[in-house]
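Start counting the sequence shown at 1; every next residue gets the next number (the working numbering).
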Amino acid sequence: MKIKRYSQRGFTLIEMIFVLAIVLTLVAIFTPLAMDKLSQSKTAKAQADIDAIATALTNFYSTAGNFPSCDGADCDPLNDAANNLRFLAVGTGNGDPTSQLPSDTGSLWTLTVGDMSTVPARNNAFNHLMVNNPNADATTAQAGVDYNNWKGPYITNLGQDPWGHAYIVHIGAMQKNGCPVGSTGAPPACTAPAAGTFGWILSAGPDGNLDTGPTATQLTGDDVGYIFCTNC
1 MKIKRYSQRG
11 FTLIEMIFVL
21 AIVLTLVAIF
31 TPLAMDKLSQ
41 SKTAKAQADI
51 DAIATALTNF
61 YSTAGNFPSC
71 DGADCDPLND
81 AANNLRFLAV
91 GTGNGDPTSQ
101 LPSDTGSLWT
111 LTVGDMSTVP
121 ARNNAFNHLM
131 VNNPNADATT
141 AQAGVDYNNW
151 KGPYITNLGQ
161 DPWGHAYIVH
171 IGAMQKNGCP
181 VGSTGAPPAC
191 TAPAAGTFGW
201 ILSAGPDGNL
211 DTGPTATQLT
221 GDDVGYIFCT
231 NC
């Protein structure tokens, strides 16, 4: 009886080149699609985070009667002339948020020049929305010092945007008689260039640079966010 033997011939060079060409073609087709889906998912995550921040601010206002504004030693009641908080940075931790701030190559916000608190941790949203410690000192919920009627935490999770930077909340433009970014003086007499600024909540987007300025009426570049409230 004859036994039929099958050869175990390998791929020829031409066959391997053909298969490799097919693989590379598929990669060329699907990689951009995958990257686009990833980009879309990050943008959607940033938008969801911004919505959560807006909800937290709404709830804060409904219980405290004002937006986070304390930048002095007397937040209860909120009547200290030093309470001129211009912006909040929403990122990680509860300390100085400077290292988490997005770039500002156009000098639209100048967050670290004149608009940062003398105690930078006071610009960290954690100390206003997660704990009642707007002064960023050793005690929380201190009677006569910290916020009155604080009922938080107002948000369950705080973190950087999907591209590794803090969200920017233009809180000074939201608070009635507040001090927007770029203004000088103390409330309620903050002076120009405060006029024409809006209460943005922003992510700097994939490029990590703030393209949308405080006086902008619509998003610019790849920023993500919206005007939440102005002089409310």
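We put the beta carbon where it would ideally sit given N, CA and C, even for glycine. Only a predicted model underlies this, so the values are computations on that prediction, with no experimental measurement involved.
Out of the options, which one is the CA nearest neighbour of residue i?
i, options, result
"Val-113", "Val-181, Ala-44, Val-23 and Gly-208", "Val-181"
"Gly-93", "Asn-66, Asn-59 and Met-130", "Met-130"
"Ala-166", "Asp-104, Thr-217 and Asn-135", "Asp-104"
"Ala-121", "Ala-138, Pro-102, Cys-232 and Gly-106", "Ala-138"
"Tyr-61", "Asn-157, Asp-211, Gly-213 and Lys-151", "Lys-151"
"Ile-201", "Asp-49, Pro-97, Ala-21 and Ile-22", "Asp-49"
"Thr-217", "Asn-231, Ala-28 and Thr-197", "Thr-197"
"Ser-117", "Asn-84, Ser-203 and Val-90", "Asn-84"
Looking at chain D, is there any beta carbon in it that lies within less than 8 Å of the beta carbon of residue i?
i, result
"Thr-12", "Among the chains in the structure shown there is no chain D, since it carries only a single protein chain."
Name the DSSP bridge partner or partners of residue i?
i, result
"Leu-88", "Val-169"
"Asn-124", "Ala-89"
"Gly-225", "Leu-202"
"Ile-209", "The question names Ile, but residue 209 in the sequence shown is Asn. Bridge partners of Asn-209: Ser-103."
"Thr-191", "Thr-184"
Please report the Cβ distance between residue i and residue j, rounded to the nearest whole angstrom; I am assuming they are in contact, meaning their Cβ atoms lie under 8 Å.
i, j, result
"Ile-53", "Val-224", "Contact doesn't hold; Cβ gap of about 12 Å is too wide."
"Pro-134", "Cys-229", "Pro-134 to Cys-229, Cβ: 19 Å. No contact."
"Leu-88", "Ile-171", "5 Å"
"Ala-56", "Tyr-147", "So it is not a contact: roughly 14 Å between Cβ atoms."
"Trp-109", "Gly-213", "7 Å"
"Ala-141", "Asn-132", "4 Å"
For residue i, count neighbouring Cβ atoms within 10 angstroms of its own Cβ and tell me buried if that reaches 16, exposed if not.
i, result
"Asp-51", "exposed"
"Gln-40", "exposed"
"Gly-205", "buried"
"Phe-18", "exposed"
"Pro-68", "buried"
"Gly-178", "buried"
"Pro-97", "buried"
"Ala-28", "exposed"
"Gly-199", "buried"
"Val-23", "exposed"
"Asn-149", "exposed"
"Ser-107", "exposed"
"Asn-231", "exposed"
"Ala-136", "buried"
"Leu-111", "buried"
"Ala-21", "exposed"
Ignore the nearest five residues each way along the sequence and tell me which others in residue i's own chain have a CB closer than 7 Å to its CB.
i, result
"Asn-66", "Leu-78 and Gln-175"
"Asp-74", "Asp-80 and Val-145"
"Ala-82", "Asp-71, Gly-72 and Ala-186"
"Gly-95", "Ala-121 and Asn-124"
"Thr-43", "Val-224"
I'd like the list of long-range same chain contacts for residue i, defined as Cβ closer than 6 Å, with 5 residues on each side in sequence excluded.
i, result
"Gly-159", "Thr-92"
"Asp-211", "Thr-220, Gly-221 and Asp-223"
"Thr-25", "none"
"Lys-45", "Pro-162"
Going by beta carbon distance, what residues of the same chain come within less than 8 Å of residue i, once the five residues before and after it are set aside?
i, result
"Gly-208", "Pro-102, Ser-103, Trp-163, Gly-164 and His-165"
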